[in-house]
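Please read the structure below before turning to the comments.
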Amino acid sequence: MNHSLDGGRKPVAPRWSLLATLLLCAGAHAQQGGSMEERLRTQLRVTTTQLQQAQNELAALKAVGPATPASGEVDAMKAELSKLKAELAGEREARHKTREESLRVRDQAEGMLQKSSAQVAQYRSAYDELLKLARNAEAERQRLIAEDKLRGEALAQCEAKNVQLYETGKEILRAYETMDVATVMSARQPFAGAARVKLEEAAQQYGDTLYGNRFDASSVKLEEAK
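For the sequence shown, the positions run -30 to -1, 1 to 196 when mature numbering (1 follows the signal peptide of the UniProt record, and there is no 0) is used.
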């Protein structure tokens, strides 16, 4: 009977060695790359496969004899499987929290970006308004400078005309001062045409001089426009 049981149990050791090799390979493969969740998934698949194989081995052993210590190994593997499932659930929860935190930070960053964009638009509008006011002020300054220049030119011309009028007035006074009574009386006589014509010509000449020396403000504007 013992021989029969021993004969039925001989394949167990090679199978466990194969499972151990698969476990090591899977663990090494999981450590080489991938995230924590991927490694846990890989280890969970390996452990599940081992558990199924161990359960099959245990069923085969039970079929040929009483329970063997292999059942303890199955329990240990079940515990390991539960542990891996818990770790996988924890990893998923951590990833979920991380994702929620990332979304919260992204929403906060987008809110700050929108607020900053609104402030930039506000500052740009204020800058454009100030620039417009500065340009208008500069245009007004240039206009006042031009008007001041025209006033200066008009004043200079007015002063020059005044000097000319003053000189013309002095000439008229000198002319009347040198005119004798006989000339005046002869001009009033009906037959003194020559004397009257001479006085009229002198008056016309002085009138033309006075008219030519008058100050015209419109002439200053016309000269500036040219």
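Ideal Cβ placement from N, Cα and C applies to all residues, glycine included.
At a Cβ-Cβ threshold of 9 Å, Leu54 and Gln13 count as neighbours.
Contact check for Thr17 and Glu50: beta-carbon distance about 6 Å, within the 8 Å limit, so the pair qualifies.
Rounded to whole angstroms, Gln78 and Gln84 show a C-alpha spacing of 10 Å. Taking the Cβ atoms as the reference, Arg15 lies roughly 11 Å from Leu58, outside the contact range of under 8 Å. For Arg76, the number of other beta carbons within 10 angstroms of its own is below 16, and it is reported as exposed.
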